[in-house]
Structure formats: C-alpha cells, structure tokens
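Encoded as structure tokens, the structure appears first; notes follow it.
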Amino acid sequence: MRQLRRMRPASAYIDQSQFDREMAAHFLSGWVGVGRSEDLPETGSFVQRSIAGEKLLLVRGPDQIRAFHNVCRHRGTQLCSQGRGHFVGSIQCSYHAWTWGLDGRLRAAPHFSEDDGFRLEDFPLHSPECAQWGGHLFVNLSKNPAPLEDGLGSVMKKFAPWPMENLRIGHTICYDVAANWKLIIQNYSECLHCPTVHPALARLSHYMTGDNEPATQFYLGGTMKLNDGVKTMTMSGESNRAIFSSLGEYDRRHIYYYALIPNMLLSLHPDYVVSYTLWPKAPNRTEIVCDFQFDPVEMRCPGFSAMDAVEFWDLTNRQDWRVSELSQLGMNSLSYMPGPYSIREGLLAAFDEIMIKALDGV
Amino acid sequence: MRQLRRMRPASAYIDQSQFDREMAAHFLSGWVGVGRSEDLPETGSFVQRSIAGEKLLLVRGPDQIRAFHNVCRHRGTQLCSQGRGHFVGSIQCSYHAWTWGLDGRLRAAPHFSEDDGFRLEDFPLHSPECAQWGGHLFVNLSKNPAPLEDGLGSVMKKFAPWPMENLRIGHTICYDVAANWKLIIQNYSECLHCPTVHPALARLSHYMTGDNEPATQFYLGGTMKLNDGVKTMTMSGESNRAIFSSLGEYDRRHIYYYALIPNMLLSLHPDYVVSYTLWPKAPNRTEIVCDFQFDPVEMRCPGFSAMDAVEFWDLTNRQDWRVSELSQLGMNSLSYMPGPYSIREGLLAAFDEIMIKALDGV
Amino acid sequence: MRQLRRMRPASAYIDQSQFDREMAAHFLSGWVGVGRSEDLPETGSFVQRSIAGEKLLLVRGPDQIRAFHNVCRHRGTQLCSQGRGHFVGSIQCSYHAWTWGLDGRLRAAPHFSEDDGFRLEDFPLHSPECAQWGGHLFVNLSKNPAPLEDGLGSVMKKFAPWPMENLRIGHTICYDVAANWKLIIQNYSECLHCPTVHPALARLSHYMTGDNEPATQFYLGGTMKLNDGVKTMTMSGESNRAIFSSLGEYDRRHIYYYALIPNMLLSLHPDYVVSYTLWPKAPNRTEIVCDFQFDPVEMRCPGFSAMDAVEFWDLTNRQDWRVSELSQLGMNSLSYMPGPYSIREGLLAAFDEIMIKALDGV
Numbered sequence: 023m024r025q026l027r028r029m030r031p032a033s034a035y036i037d038q039s040q041f042d043r044e045m046a047a048h049f050l051s052g053w054v055g056v057g058r059s060e061d062l063p064e065t066g067s068f069v070q071r072s073i074a075g076e077k078l079l080l081v082r083g084p085d086q087i088r089a090f091h092n093v094c095r096h097r098g099t100q101l102c103s104q105g106r107g108h109f110v111g112s113i114q115c116s117y118h119a120w121t122w123g124l125d126g127r128l129r130a131a132p133h134f135s136e137d138d139g140f141r142l143e144d145f146p147l148h149s150p151e152c153a154q155w156g157g158h159l160f161v162n163l164s165k166n167p168a169p170l171e172d173g174l175g176s177v178m179k180k181f182a183p184w185p186m187e188n189l190r191i192g193h194t195i196c197y198d199v200a201a202n203w204k205l206i207i208q209n210y211s212e213c214l215h216c217p218t219v220h221p222a223l224a225r226l227s228h229y230m231t232g233d234n235e236p237a238t239q240f241y242l243g244g245t246m247k248l249n250d251g252v253k254t255m256t257m258s259g260e261s262n263r264a265i266f267s268s269l270g271e272y273d274r275r276h277i278y279y280y281a282l283i284p285n286m287l288l289s290l291h292p293d294y295v296v297s298y299t300l301w302p303k304a305p306n307r308t309e310i311v312c313d314f315q316f317d318p319v320e321m322r323c324p325g326f327s328a329m330d331a332v333e334f335w336d337l338t339n340r341q342d343w344r345v346s347e348l349s350q351l352g353m354n355s356l357s358y359m360p361g362p363y364s365i366r367e368g369l370l371a372a373f374d375e376i377m378i379k380a381l382d383g384v
Numbered sequence: 023m024r025q026l027r028r029m030r031p032a033s034a035y036i037d038q039s040q041f042d043r044e045m046a047a048h049f050l051s052g053w054v055g056v057g058r059s060e061d062l063p064e065t066g067s068f069v070q071r072s073i074a075g076e077k078l079l080l081v082r083g084p085d086q087i088r089a090f091h092n093v094c095r096h097r098g099t100q101l102c103s104q105g106r107g108h109f110v111g112s113i114q115c116s117y118h119a120w121t122w123g124l125d126g127r128l129r130a131a132p133h134f135s136e137d138d139g140f141r142l143e144d145f146p147l148h149s150p151e152c153a154q155w156g157g158h159l160f161v162n163l164s165k166n167p168a169p170l171e172d173g174l175g176s177v178m179k180k181f182a183p184w185p186m187e188n189l190r191i192g193h194t195i196c197y198d199v200a201a202n203w204k205l206i207i208q209n210y211s212e213c214l215h216c217p218t219v220h221p222a223l224a225r226l227s228h229y230m231t232g233d234n235e236p237a238t239q240f241y242l243g244g245t246m247k248l249n250d251g252v253k254t255m256t257m258s259g260e261s262n263r264a265i266f267s268s269l270g271e272y273d274r275r276h277i278y279y280y281a282l283i284p285n286m287l288l289s290l291h292p293d294y295v296v297s298y299t300l301w302p303k304a305p306n307r308t309e310i311v312c313d314f315q316f317d318p319v320e321m322r323c324p325g326f327s328a329m330d331a332v333e334f335w336d337l338t339n340r341q342d343w344r345v346s347e348l349s350q351l352g353m354n355s356l357s358y359m360p361g362p363y364s365i366r367e368g369l370l371a372a373f374d375e376i377m378i379k380a381l382d383g384v
Numbered sequence: 023m024r025q026l027r028r029m030r031p032a033s034a035y036i037d038q039s040q041f042d043r044e045m046a047a048h049f050l051s052g053w054v055g056v057g058r059s060e061d062l063p064e065t066g067s068f069v070q071r072s073i074a075g076e077k078l079l080l081v082r083g084p085d086q087i088r089a090f091h092n093v094c095r096h097r098g099t100q101l102c103s104q105g106r107g108h109f110v111g112s113i114q115c116s117y118h119a120w121t122w123g124l125d126g127r128l129r130a131a132p133h134f135s136e137d138d139g140f141r142l143e144d145f146p147l148h149s150p151e152c153a154q155w156g157g158h159l160f161v162n163l164s165k166n167p168a169p170l171e172d173g174l175g176s177v178m179k180k181f182a183p184w185p186m187e188n189l190r191i192g193h194t195i196c197y198d199v200a201a202n203w204k205l206i207i208q209n210y211s212e213c214l215h216c217p218t219v220h221p222a223l224a225r226l227s228h229y230m231t232g233d234n235e236p237a238t239q240f241y242l243g244g245t246m247k248l249n250d251g252v253k254t255m256t257m258s259g260e261s262n263r264a265i266f267s268s269l270g271e272y273d274r275r276h277i278y279y280y281a282l283i284p285n286m287l288l289s290l291h292p293d294y295v296v297s298y299t300l301w302p303k304a305p306n307r308t309e310i311v312c313d314f315q316f317d318p319v320e321m322r323c324p325g326f327s328a329m330d331a332v333e334f335w336d337l338t339n340r341q342d343w344r345v346s347e348l349s350q351l352g353m354n355s356l357s358y359m360p361g362p363y364s365i366r367e368g369l370l371a372a373f374d375e376i377m378i379k380a381l382d383g384v
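Chain order of the listed sequences is V, H and E.
Quick note, in the numbering used here, the first sequence goes up one by one and the last residue is 384.
Quick note, in the numbering used here, the second sequence goes up one by one and the last residue is 384.
Quick note, in the numbering used here, the third sequence goes up one by one and the last residue is 384.
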C-alpha cells in the first residue's frame with residue numbers, strides 16, 4: 023500500500039500537550055473567526071469571546087470595532103462578566119473604578135497620581151488586532167500579525183460574488199461536540215461518508231461530484247454539484263428565496279465548503295450562507311456556533327423562513343458530530359493504528375501536513 | 023513487633039501512576055473475567071466491556087465467541103455504542119461503511135481498491151484472546167498469552183463438583199464503589215471484620231472457622247463453615263433450593279471464597295454461585311458487577327426466587343463496600359502509616375507480595 | 023513608576039504547584055484557625071475539620087480538647103464520617119473494632135496479642151497540637167510547633183479588652199468563593215475599593231480613615247473610624263446591643279480588621295465580633311466560614327437579634343467575594359501583567375513579601 027497515505031497517530035487527537043501546542047500555534051497567533059460584525063449593532067455594543075481561554079471583549083467604538091483583553095490593568099480583575107451587552111461611553115472596573123474609553127485609553131485611576139510616577143497613558147487596555155471580511159470578524163492575538171488578506175486573498179476573490187457583507191443572521195445554533203476540533207474539520211473536508219451518514223444530503227447532491235481546490239496553509243475547500251432539479255440545500259431541495267443575482271452559472275449549481283484555518287467553516291449556497299466558528303475546549307471537546315445568513319430583502323418578505331435551511335443542516339450537522347464523536351472515542355484505544363486514506367480523502371492528508379508543519383515552530 | 027507483617031504504603035492505593043502500572047500488569051495482560059457466556063445467547067449476540075479503558079466487543083460467531091477491539095481500522099471510529107445487542111451477520115462502521123464478518127475479517131471497504139495496493143486481508147478487526155471456564159468468560163489483551171488453565175488449573179479441579187457451566191444468572195447487581203480495587207479484594211480475603219461489620223453473616227457462620235489455601239499468583243481463597251442448622255447463606259439460613267447433588271460432604275457445609283487475580287471473585291455455596299467482576303475506574307473507584315447463578319431446573323420450579331440469596335449478599339456487600347471506602351478515604355492522610363496485619367490477615371500479606379512482584383516487570 | 027510596588031505574577035494565584043507549596047508552608051505547618059471551642063460543648067463532643075486535605079477530629083476529652091487524625095492505625099480506615107457529633111467514651115473503628123479513649127490511647131485491638139509483639143501503647147491516634155485563644159481554636163500540624171503566643175502575643179494583648187472568650191456564636195454563614203485564598207486576604211486588607219464596591223459600608227465609615235499597623239509574618243491589620251452618629255456596623259449604623267464595657271474610647275469608635283496568617287480574619291466591633299476561617303480547596307477556590315459572636319447576656323435579652331450585623335456583613339462579604347472572583351478570573355489571561363499598588367494598598371505589598379518569604383524554605 024505504498025500509494026495510500028495514513029491517518030495521524032492518536033496522540034494528535036487525544037493528548038493535552040498536543041492540544042496546548044495547537045492552541046498556541048493557531049488560536050493564540052492566527053486569525054480566528056469570532057462572529058459577525060452585526061453582533062455589534064451600535065457604538066458601545068460588545069460581545070465577549072473566549073479564544074483558547076483568553077477572554078476578549080469585542081467593542082464597537084464610534085470609529086471602529088476593537089478587541090480588548092477583559093482584564094483590568096490594576097489588579098487583574100475581569101472587567102465584564104456578560105456575554106454581550108452595551109458599554110455607555112466607557113469601560114469601568116468594578117473593583118477600584120479604573121475607567122477606560124471605548125478606544126481602550128485609561129481615563130481615570132483613583133488614588134494613583136503623577137506624583138508617584140503614575141501615568142494614565144501607560145495603562146491602556148491590551149488590544150489585539152481585529153479585522154473584517156464580508157461581515158465576518160476575525161481577531162489575531164499575536165503581535166504585529168500579517169494582514170488577514172495575506173492568507174485569505176484568493177478566497178476573498180473567489181467568494182466576491184456572494185453579497186456576504188450585506189447578509190444578516192436569520193438563525194443561530196450552538197453545538198457542544200465531544201470530538202477534537204481537527205476531526206470536525208476533517209469530517210467537513212470529505213464526502214466519502216455522505217452515502218452512509220447523510221441520506222437526506224445524498225438526495226440533493228451526489229458525493230462523487232465533489233471537487234477540491236488544492237489546500238493552502240490558510241484554508242482548504244471544494245465544491246459539490248446540486249442534482250438536476252435541486253435548487254439549494256434544504257430538506258426538499260426547494261426554496262422560496264431568490265438566488266443571489268450576482269452569482270454566475272457555476273456558482274448557482276454548486277455548494278462551496280471551505281475551512282478557514284483554524285476555526286471557521288464557510289458553506290456558500292446559491293441563496294444563503296452558513297458560517298461555523300469552532301471553539302476547542304479540550305482535546306476531546308469543541309463548541310461550535312453555526313450562523314445562517316440571508317439576504318435582508320428576502321428576510322423582510324412575507325412568508326420568509328430560515329427553517330428549511332436550518333432543519334436540513336441541523337440534521338446533517340448532528341450526523342457529522344455523531345461520527346466525529348465516535349472517531350474521538352475509538353482513537354483512545356491502544357489498538358488504534360493509523361488507517362489508510364482513500365483517494366477521496368486527499369484534503370485530509372493535506373490538512374494533516376499543514377497541522378504538522380504549523381507545530382514545528384511552537 | 024517483628025512477627026507481624028505491615029500494610030503497604032498509601033501510594034499503592036491512591037497514586038494514579040501506580041494504578042496505571044497495575045492496569046498494564048494485570049488488566050491489559052492477564053486473564054480478565056468479563057461475564058458469562060450466557061450473556062451471548064445466539065449467533066450475532068454481543069456485549070461490550072471496557073477493560074482499563076479498552077472498549078471490547080464480545081461477539082458470538084457461528085463457531086465461537088470472539089473478542090474484538092471496538093475500533094474501525096480505517097479512521098479509528100468506534101464501531102458500536104451499545105452495551106449489548108445483536109449484529110445481523112456482520113459489523114459495519116457507521117462512518118464510511120467498512121464491514122467485517124462476525125469472524126473479524128474485513129469484507130468491504132468502499133473506494134479502496136487493490137489498484138492502490140489495498141488488501142482486505144490486511145485490516146481484520148483486532149481480536150484479543152478469549153477463553154471460557156464453567157460458563158465464565160475471560161479475555162486476555164496480551165499477545166500470545168499462556169492458557170487460562172495454566173494459572174487456574176487447580177481451582178478448576180477443586181470446583182469441578184459445582185455444575186457452574188449449567189447454571190444461569192437469576193439476578194445481577196451493579197455497584198459503584200469509591201475504593202481501590204485491591205482494597206475490595208483484601209476485604210474479601212479476611213473475615214476478621216465479620217463480627218463488627220456483618221452481624222447477619224455472623225449468625226450463619228463463625229468467623230474463626232475460616233480456613234485459607236496458600237495463595238498463588240493467580241488466585242487466593244479459603245472457606246468458612248456453615249453453623250449447624252444453617253443450610254446456605256440467606257437471611258434465614260434456609261433455602262427451598264436443592265443442594266447441588268454433585269457436592270461431597272465437606273462442600274455442602276462450607277462456603278468457598280476465591281479471588282481470581284485480577285478481577286473476579288467467586289463465592290460458591292451449596293445451592294448457588296455468586297461471581298463478581300471488578301472494573302477499576304480510578305485509584306479510588308471500582309465498579310463491581312455481581313451475578314447470582316442458580317440451577318436452571320430450580321429456576322423453573324414454582325416458587326423459585328433468587329431474592330433470599332440476593333438480599334443477604336446485597337446487605338453484606340454494601341457493608342463491605344462501606345468499610346473499603348472508609349479505608350480508601352483514610353489512606354489519603356499524611357498521617358497514615360502502614361499498620362500491622364494480624365495472624366488472621368495472612369492472605370492480605372500474601373496478596374501484597376503478589377501485587378508487588380507483578381509490578382516488577384512493568 | 024519607581025515608587026509604586028507591583029502585584030505578583032499570575033502564577034501565585036493560579037498554579038497548582040504554588041498552591042501545594044502554600045498548603046505545606048502555611049496550613050500543614052502553621053497555626054490554623056479551626057473554629058470556636060463552644061463548637062464542642064461537652065465531653066465527647068467532636069467536630070471534623072479538613073486542613074489542606076487532612077481530616078482532623080477535634081474532640082473534647084474530660085480534661086482538654088485534642089485534635090486527632092481521622093485514621094485508624096490498623097488498616098488506615100477513616101474513623102468517622104460525620105461533620106460533628108458525640109463520642110460516648112471512646113472512638114471505635116467500624117472495620118475491625120480497634121478502640122481508643124478520648125485521650126487518643128489505644129484500648130483494644132481484637133486478635134492482636136502481646137505474644138506477637140503487639141503493644142497497645144504503640145498505636146495511639148496521631149494527635150497534632152491544639153491551642154486556644156479568646157475561645158478560638160487553632161491546630162498546628164507540624165511537629166513541636168512554637169507556641170501560638172509567639173506569633174500572636176501582641177495581637178492578644180491589643181485585643182484583650184474584648185471579652186472574646188465569653189462571647190457566643192449567634193449566627194454562622196458558609197461561603198464557597200471561586201478565588202484564591204490570598205486574594206480574599208488582600209481584599210480584606212485594603213479599603214480603596216470601598217467606595218466602588220461597598221456603598222452601604224461607605225455610609226458608616228469613610229475609607230480614608232483607615233489606619234494600618236505594620237505587618238508581621240503572623241498577622242496584618244488595621245482600623246477604620248466609625249462616622250459620627252454611627253454606633254456600629256449594621257445596615258442602619260444603630261444597634262440595641264450594649265457596647266462592650268471593657269472597651270476604651272478609641273476602641274468604641276473604630277473597627278479592627280485583622281488577618282491572622284494563614285486562615286483567620288478577625289473583625290472586632292464595639293458590640294460584636296466576626297471571625298472568618300478560610301479553607302483553601304484549590305488555587306481558585308476557597309470555602310469561608312463566618313461566625314458572628316455576641317455577649318451571651320445580650321443574647322438572652324428579649325428583642326435580641328444578630329440579623330442587623332449579619333445582614334450588613336453578608337451583603338458586604340458577597341460584594342467582596344464577587345470582586346475577588348473577578349480578579350481570579352482575570353489573572354488567567356495571558357495578557358495579565360502585574361499592575362501597580364497605590365499608596366493605599368501598602369498592606370498588600372507587605373503580605374506579598376510575607377508569602378514569598380514563607381515559601382523559601384518549602
């Protein structure tokens with residue numbers, strides 16, 4: 023079997039130390055998807071995100087959205103316990119009342135004076151880099167990161183026909199999956215399992231129509247062709263939503279499945295978009311937030327419902343999480359030996375390579 | 023106190039590393055009791071067991087019972103989540119449909135072809151050794167283990183008068199005990215505690231009548247004499263079950279308590295058998311499955327009930343688990359110093375020796 | 023900022039190894055507050071305490087109160103599972119009936135005989151040192167500890183005017199706080215946070231009136247002045263309890279806040295005393311028992327209620343636990359950098375020094 027590549031050893035999926043290194047290599051230093059800019063509707067709006075244990079506040083200031091570490095610069099107190107909310111003009115620590123502007127600059131620190139050598143400008147909130155693309159928000163916790171475009175430029179170009187920035191979330195589902203985050207991505211990156219695992223999906227698209235783009239260190243993905251007579255991915259294959267008018271012929275007949283490394287899955291349909299953010303919590307546990315996005319014009323139409331798409335993908339997702347969880351369980355066995363990848367699992371072997379290389383420097 | 027042997031240090035009962043070494047020495051390489059063959063009534067029947075974290079499927083094929091690791095040879099997926107059930111002719115992975123016969127041979131692997139160098143015969147299910155004695159099933163996870171008879175031959179001979187293979191389970195109780203597995207065995211191996219802990223038992227048999235056989239590395243055990251007028255171990259000392267006709271005079275008046283190392287306790291009575299399998303889950307936690315076995319002829323009699331034996335042993339077992347749990351708790355103290363064994367705790371000192379020797383090679 | 027001291031690194035508050043060393047340095051070898059002697063009202067009364075995982079029985083014998091490790095000297099069995107209760111004349115192990123007097127001397131050990139070299143006098147219960155001051159009980163788990171007076175002599179002298187030994191507990195509250203035990207002490211040792219965190223307290227005493235005594239390795243503390251017209255710390259500032267007649271003018275107008283290292287906080291008021299014992303359970307978890315003590319003469323008066331003091335401190339305590347928990351959370355951030363102490367946080371810097379020095383020898 024010289025020709026066939028093999029899975030990675032179990033340690034890649036079950037060891038805490040491996041997991042910690044991955045968190046450092048990908049989540050504490052890469053561009054991490056953290057949701058949609060519409061989550062922050064107005065000045066002062068904030069959401070809290072936890073990246074590899076780091077609590078971050080995403081705050082819309084009058085000029086731009088910023089990310090702040092949720093930590094007081096005085097005694098290390100967590101500034102905010104809420105998952106989302108609104109800061110009225112400033113951010114104040116509840117312990118000794120240190121107060122910052124929405125731009126992260128310290129405005130007040132009672133009983134600290136310049137006479138003692140204290141300077142307000144020395145204690146801004148720590149603020150990692152923040153970027154946006156197509157309405158998606160990304161944060162990068164490393165110092166001086168390369169721009170988001172450096173890695174995702176070609177994806178941005180490829181997906182330009184979808185009016186992503188204008189879309190709005192119609193439904194959100196949160197999953198708690200007992201599987202390694204990489205198993206989720208690997209499951210997303212092959213459709214060899216579709217006939218066995220996804221009978222509903224198999225009625226809409228044939229798994230042999232899948233076509234992959236060569237992987238890069240920043241993303242991997244491919245397409246599947248809709249069967250004749252199928253308009254989009256819903257339980258019926260039908261939809262009363264208009265197809266995005268900016269799409270060309272090919273894009274109207276294919277679904278795009280792209281994994282943006284490390285934590286964002288992007289599924290583009292002719293009439294809606296699904297984005298997933300993956301939040302690894304342990305080697306064997308990943309939280310997944312799944313946002314369904316639609317054209318706001320359609321959403322205002324009488325009779326609009328997100329549920330035909332939601333129902334289909336909720337069913338399909340749960341099937342995927344289930345087999346991913348079974349893989350996670352099986353890999354704990356001392357009898358596990360890396361098995362062979364078939365020729366239809368090429369993206370998985372490529373993903374393995376990317377993951378191995380990324381840990382070299384950590 | 024030169025004459026008296028001492029307990030082992032607390033580390034033997036509370037350290038994770040010691041526990042891990044014991045799992046390797048005894049559970050991942052010895053003959054482990056896994057239940058009764060009657061648990062698998064027909065071809066295709068299976069039960070799942072977890073030995074030191076290893077998930078095993080015990081499957082009755084048309085010819086014999088086999089043990090399989092519950093792991094797909096393709097991507098490591100767990101094949102089966104149920105505790106017991108029935109395979110219809112084959113075992114199929116739910117992820118990519120790899121399929122094995124009940125003999126463990128791979129029959130199908132979609133999209134893998136001989137052209138790529140793939141051969142079905144290279145991917146049988148991993149299958150550890152399985153053995154039976156008296157209707158009890160044993161599995162050995164080591165490669166090329168010595169036969170079960172090598173260790174238990176003399177016990178098999180001694181217990182030949184009991185028609186164990188023909189007996190059937192009349193009742194099962196599962197316990198979750200917050201004590202080290204060795205404390206359970208040590209508690210089982212002395213009756214010095216009986217006057218204090220077991221008033222009901224003390225009415226049926228005097229603790230000073232206990233008589234032990236010299237221990238071997240494979241088992242330890244002894245007998246207790248029933249008081250005059252007591253027929254068997256029940257709450258009343260009475261029973262409407264017939265005594266096994268194959269028993270000699272001595273065996274009709276004594277109860278045998280044997281611990282088969284590492285995980286099976288076997289209590290032989292004149293009219294029934296109780297077997298326990300011990301499933302260590304952590305240094306301070308052991309699950310125990312307790313099966314009460316009776317003559318099927320008796321079980322078909324009107325008025326048969328297992329409950330007189332069950333009630334007695336459930337009470338007695340819970341008393342034993344309670345004091346074992348208290349010992350586990352006490353050993354966590356920094357003040358714990360190994361105390362002396364009395365002359366009536368000789369099997370415990372012998373068991374300690376066996377345990378210490380067994381870890382030498384691990 | 024040469025002038026301002028800085029917080030300690032996060033490891034001091036979140037690392038398990040640091041926590042373990044602190045338990046060894048302070049709780050397994052210092053004088054640990056374990057409650058009030060009135061908890062043991064009569065001969066045979068006992069309470070159980072757990073110091074850094076060590077289970078201790080505090081038992082009132084006919085002559086004195088003693089502390090015993092809750093461990094049988096035979097097989098290490100825990101002797102007693104109850105939190106409090108009464109031993110009738112002796113302490114007996116439930117496993118093999120070894121029996122000790124209330125003085126800790128072994129009286130009986132069935133089936134152990136002098137012929138085997140066994141001597142009862144070799145197996146007393148392990149008994150760490152116990153001391154009392156003002157009705158407060160202390161235990162020291164080290165061998166041959168220096169007397170309690172060596173460390174607390176000056177505090178004992180300072181607080182002699184309060185009739186603490188005669189006071190009785192009128193109310194007890196138990197808290198479970200998700201913060202490091204040192205953050206609790208640090209929070210207790212400054213009132214810079216009072217205007218922000220404690221509006222009710224700020225109505226009774228101005229935070230700038232605080233005055234600290236120089237810290238020693240055994241305690242740190244200071245006072246706050248009651249506002250004019252305020253009699254004591256209650257929601258209203260009023261009280262129908264008499265002020266302790268033995269107090270001088272200064273003591274009638276000030277509250278004393280003293281932290282006795284490692285685990286006791288003592289708040290002295292003109293008419294009542296509050297003592298807290300801290301029970302660290304993990305780097306990020308501390309149980310706190312809070313006892314309110316009053317003059318028994320007052321307690322027998324019609325109309326006596328502890329609740330005006332209890333209500334005030336329960337509110338104030340919960341505010342303190344809350345910000346301490348937020349500090350604990352914030353320190354987990356990789357972005358945390360030790361911030362500056364203001365000149366009003368001097369006791370915290372002193373406490374840091376004491377903590378650092380104490381670990382030198384461990």
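Don't be surprised by glycine CBs; every beta carbon is placed ideally from N, CA and C.
Asked                                                                                                                                       : Found
Cβ neighbour criterion (16 or more within 10 Å) applied to Met23/E                                                                          : Confidence in Met23/E is poor, its pLDDT being 47 and thus under 50, which makes the residue's placement unreliable; the coordinate value appears in the next sentence. Burial call: exposed.
Partner residues on chain A for Ala119/H, Cβ-Cβ distance less than 7 angstroms                                                              : Of the protein chains in the structure, V, H and E, none is chain A.
In chain order, each beta strand (DSSP E) run of at least 3 residues that lies wholly inside the region 225 to 303 of chain V               : 233 to 235, 241 to 247, 276 to 282, 286 to 290
Inter-residue CB distance, Ala119/H and Thr218/V (contact presumed, cutoff 8 angstroms)                                                     : 5 angstroms
Chain-ordered chain H contacts of Asn354/V [CB-CB under 7 angstroms]                                                                        : Gly75
Given His276/H as reference, the closest of Arg225/H, Asp342/H, Lys253/H, Asp198/H once Cα atoms are compared                               : Lys253/H
Buried or exposed (CB count within 10 angstroms, at least 16 for buried), Ala182/V                                                          : exposed
Contact set between Val110/E and chain H, taken where Cβ atoms lie within less than 8 angstroms                                             : Correct list: empty, because the minimum Cβ distance to chain H is about 17 angstroms.
Beta carbon proximity, Leu358/E to chain V, threshold 8 angstroms                                                                           : Residue identity check: residue 358/E is Tyr in the sequence provided, not Leu. For Tyr358/E, the answer is yes, since a Cβ of chain V falls inside 8 angstroms of its Cβ.
Nonlocal neighbours in the same chain, by C-beta distance under 6 angstroms from Arg298/V, ignoring five residues either side               : Here residue 298/V is Tyr; the residue named in the question, Arg, does not match the sequence. Excluding residues within five positions, the ones whose Cβ falls inside 6 angstroms are Leu287, Ile310, Cys312.
Beta carbon proximity, Pro84/V to chain H, threshold 8 angstroms                                                                            : no
Contact list for Gly361/V against chain H, beta-carbon separation under 8 angstroms                                                         : Cys94, Arg95, His96, Arg97, Gly98, Phe145
Where Tyr35/V falls, given that 16 or more other Cβ within 10 Å makes a residue buried                                                      : buried
Whole runs of the beta strand (DSSP E) within the region 73 to 146 of chain E, excluding any shorter than 3 residues                        : 76 to 82, 87 to 91, 106 to 108, 112 to 114, 121 to 123, 128 to 130
Strand pairing of Leu159/H, partner residues [DSSP]                                                                                         : Gly57/H, Gln154/H
Boundaries of the alpha helix (DSSP H) in which Tyr358/E is found, first to last residue                                                    : Careful: Tyr358/E lies outside any alpha helix (DSSP H) and carries neither H nor E.
Close-in-space but distant-in-sequence residues of the same chain around Leu170/E (CB under 7 angstroms, 5 per side omitted)                : Trp53, Ala153, Trp155, Phe160
Limits of the alpha helix (DSSP H) - the one that Ile3/V falls within                                                                       : The shown model of chain V, from 23 to 384, leaves out residue 3/V, and the question about it has no answer.
DSSP state of Tyr35/V mapped onto helix, strand, coil                                                                                       : helix
Validate contact between the region 372 to 383 of chain E and the region 132 to 142 of chain V using beta carbons, cut 8 angstroms, 3 pairs : no
Residues of its chain near Met257/E, where Cβ-Cβ distance is below 7 angstroms and the 5 sequence neighbours each way are ignored           : Ala222, Asp330, Glu333, Phe334
Other residues of its chain near Gly126/H: CB distance less than 7 angstroms, five sequence neighbours each side excluded                   : Arg88, Phe90, Pro146, Leu147, Ser149
Segment limits, alpha helix (DSSP H) that includes Cys216/H                                                                                 : 216 to 219
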